[in-house]
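One point on numbering: in our numbering, the residue at position 317 of the sequence shown is 452, and numbering is uninterrupted.
Report on the following structure.
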Amino acid sequence: MIWLPNHLKFMDSTQTLINKVSQVQSILIITAGNTGDGLASGLALQAFLSKLEKEVKLLSYTQINPRFGFLEGTSGVSQQIDLTKSFVINVATGRTRLEELSYKKQTDQLSIYLKPVKGEFGPTDISFGSSNFPFELVILIGVSALEQLGEFYNQNAPLFFETPILNIDFRGSNENYAQFNLVDLTATSCSEIVLDLINKFESTLLDESMATQLLAGIIAETNSFQHVRTTPQTFLKASQLVSLGAKQQEIINHLYKSKSLGLLKLWGRVLARLKQDFNNLLVYSAVNQSDLDKAQATQEDANSIIKEMAANLGFAKIFVFLKEEANATTTVFCQSHLPLPLASMFSQFQPESFNHQTIKFTILKPLMETEKQVLQILGNEVLRAKL
C-alpha cells in the first residue's frame with residue numbers, strides 16, 4: 136500500500152499509479168454524487184482520462200445532488216451499472232476445426248451444437264469459465280471504506296477483489312484498502328488530490344471545464360474557503376484553476392446565491408428550535424414532518440441545513456440536525472470541527488459521509504428518542520476526549 140502523509144511523498148508515489156493507468160484501457164470511477172467534492176472531482180478525472188483515450192465510466196452510488204447540475208458532464212453520470220459476468224465455453228479447435236455453431240433454446244434448457252469440419256469434438260476439447268469484469272481499474276473517490284458503498288458493494292463484492300483499485304481520499308478515517316492509496320491528509324478535498332494527480336500526469340490537458348469542476352469541488356468542501364482546514368496550498372491550487380478559466384463566479388452563484396424559499400423557511404424553523412449543550416460546544420436542532428410541510432421544503436433543502444448551521448453558528452464546534460421521517464424514523468446530520476471520530480462513534484447506524492467531517496445516518500426511532508440517543512453518544516465522547 137502507498138501511504139501518503141505529505142505532499143512530496145504523494146507526488147513520488149503517483150508515478151506507480153501513472154504507470155498503471157497507462158497500461159489499462161477501461162476504467163470505472165465510483166463516487167458519492169450527493170457531495171459536491173465527490174461529484175466534481177469524479178467528473179474532472181473522467182474528462183481527463185477520456186483525453187488520454189481511456190474508456191471511462193463514472194458511477195454515483197448515491198443520489199446526485201441537483202445543486203451541482205450546472206457542472207458539465209453531470210447528466211452523464213450513471214447510478215446503475217451492469218456488472219454481470221458471462222459464462223464462457225471454450226472449445227479447442229487446434230486439432231478439430233469448427234465449421235458451424237448453432238443453438239436451440241427451450242423452456243428450461245439451452246442446447247449448443249458444434250459441427251466440426253471433420254471428425255468430432257470430445258469432452259477434453261471443452262472447458263468452462265467466466266468472463267472478466269469489463270473494467271481493468273476501479274477508482275474510488277472519497278470512499279473511506281468499501282462498506283461505505285452499501286448495497287452496491289454487497290451486490291458486487293467480487294469486483295473489488297478481482298480488479299485493481301485506486302483509493303483517493305483526504306480523510307484520516309480512510310482504511311487504505313486498495314492496491315493504490317492516494318490518501319493525502321494535508322489536502323482539504325478530493326478535488327485537490329485529483330488536481331495534483333493531473334498536474335503530475337499531464338497538466339497541459341487541463342481545460343476550462345475541468346478547472347471549473349475541480350474549483351467547484353474545492354469550494355464546496357471548504358465552504359468557500361471558510362473551513363478551518365483550508366491551507367495556503369488550497370488557495371494556490373484555486374488560483375491555478377482560475378487562471379485556467381474556472382468559472383468561479385458561476386460556482387458561487389449556483390452554490391451560495393440561489394437559496395430556495397423552502398430552505399429559507401426551514402432555516403427559520405431550525406433557528407427557532409436551536410439548543411446548545413456541552414458548554415456551548417454543541418448546537419442542535421430538530422424539525423418534524425409538520426415543519427417540513429409548512430416550509431414546503433425539499434429533500435435538498437433539508438440536506439443543506441447542516442451546512443447553514445456550520446456557516447452561520449461559528450461559535451460552536453459540533454452541529455447536529457435531526458429530521459423526522461414519515462415512518463417514525465429519524466435522519467441525523469452531524470458535523471464536527473473537533474477531532475471526533477464521527478463515523479466510528481455512530482458506526483452502528485451505518486453512517487454515510489455527507490461532506491467534510493459530516494455524516495448522515497438514520498435511526499429507527501421517533502424524533503425525541505433519537506435526539507436523546509445521539510446527544511448521549513456525543514456527550515460520552517466529548518467527556519472521554521476531554522474537549
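Cβ coordinates follow ideal geometry from the N, Cα and C atoms, glycine included.
Within a Cβ cutoff of 8 Å, which residues of the same chain sit near residue i, ignoring the five residues on either side of it in sequence?
i: M480; result: I512, L513, E516
i: A478; result: S279, S308, P486, S488, I494
Counting C-beta neighbours from all protein chains within 10 Å, is the total for residue i 16 or more, i.e. buried, or is it exposed?
i: E286; result: exposed
i: F450; result: exposed
i: V223; result: exposed
i: A445; result: buried
i: T151; result: exposed
i: F296; result: exposed
i: A83; result: Limits of the chain in this structure are 136 at one end and 522 at the other, which puts residue 83 out of reach.
i: D436; result: buried
i: N388; result: exposed
i: R519; result: exposed
i: D243; result: exposed
i: T259; result: exposed
i: I247; result: exposed
i: K144; result: Any reading at K144 must be qualified, since the residue scores a pLDDT of 45, below 50, and its modelled position is unreliable; the value itself is stated next. With fewer than 16 other Cβ atoms within 10 Å, it is exposed.
i: D217; result: exposed
i: E504; result: exposed
i: E438; result: First, the amino acid is wrong: residue 438 is Asn here, not Glu. Answer is buried; the Cβ neighbour count reaches 16.
State the DSSP-derived secondary structure class of residue i, mapped to helix, strand or coil.
i: I165; result: strand
i: A95; result: The displayed coordinates of the chain run from 136 to 522. Any statement about residue 95 would go beyond what the structure contains.
i: A313; result: coil
i: I303; result: strand
i: K192; result: strand
i: E207; result: coil
i: D428; result: helix
i: K521; result: coil
i: V363; result: coil
i: D331; result: helix
i: F450; result: coil
i: L457; result: strand
i: D172; result: helix
i: D319; result: strand
i: S439; result: helix
i: S213; result: strand
i: S374; result: helix
i: N515; result: helix
i: N154; result: helix
i: Q198; result: coil
Excluding five sequence neighbours on each side, which residues of the same chain lie with their C-beta closer than 7 Å to the C-beta of residue i?
i: T365; result: T323, T357
Can you find the residues in the same chain that come closer than 6 Å, C-beta to C-beta, to residue i, ignoring five residues on each side of it along the sequence?
i: I303; result: I276, L317, C325, I328
i: S221; result: S266
i: T197; result: A167, G168, N169
i: L416; result: K452, I453
i: Q214; result: S195
i: E188; result: none
i: Y288; result: L281
i: W138; result: At W138, the pLDDT of 42 sits below 50, so the modelled position is not reliable; the number obtained from the coordinates is stated separately. Closer than 6 Å at the Cβ level, and outside the excluded window around W138, lies no residue.
i: Q348; result: A175, L178, A179, L206
i: P299; result: L272, Q314
i: T369; result: T323
i: I354; result: I386
Quick check on residue i - is its C-beta less than 8 Å from some C-beta in chain C?
i: I162; result: The structure shown contains no chain C; it holds only a single protein chain.
Inspect the CB distances between the stretch 449-462 and the stretch 417-429 and report whether three or more fall short of 8 Å.
The answer is yes - the stretch 417-429 touches the stretch 449-462, with three or more Cβ pairs under 8 Å.
What are the uninterrupted segments assigned as alpha helix (DSSP H) that are 4 or more residues long and contained completely in the stretch 461-500, given in chain order?
The qualifying runs are 477-480.
Which whole runs of the beta strand (DSSP E) in the stretch 220-297 are 3 residues long or more, in chain order?
Every unbroken stretch of the beta strand (DSSP E) spanning 3 or more residues and falling wholly within the stretch 220-297 is given here in chain order: 222-226, 233-240, 245-251, 261-265, 272-276.
Within the chosen definition, does the stretch 371-381 reach the stretch 399-409 through at least 3 CB pairs nearer than 8 Å?
No, the stretch 371-381 is not in contact with the stretch 399-409.
Is the stretch 264-274 touching the stretch 157-168, taking contact as three or more C-beta pairs under 8 Å?
Here the stretch 264-274 makes contact with the stretch 157-168; the two share three or more CB pairs at distances below 8 Å.
Counting Cβ pairs, one atom from each stretch, are 3 or more of them under 8 Å apart for the stretch 330-346 and the stretch 377-389?
A contact is defined here as three or more CB-CB pairs under 8 Å, and the stretch 330-346 meets this definition with respect to the stretch 377-389.
Would you say the stretch 495-503 touches the stretch 460-471, given that touching needs at least three Cβ pairs under 8 Å?
The count of Cβ pairs closer than 8 Å, one atom from the stretch 495-503 and one from the stretch 460-471, reaches three, so the stretches are in contact.
Ignoring anything shorter than 3 residues, give me the beta strand (DSSP E) runs that lie fully in the stretch 376-426, in order along the chain.
Qualifying beta strand (DSSP E) stretches, in chain order: 410-412, 417-422.
Assess contact between the stretch 252-264 and the stretch 282-299, defined as three or more Cβ pairs (one per stretch) separated by less than 8 Å. Is contact present?
By the Cβ criterion, the stretch 252-264 is not in contact with the stretch 282-299, since fewer than three pairs of Cβ atoms, one from each stretch, lie closer than 8 Å.
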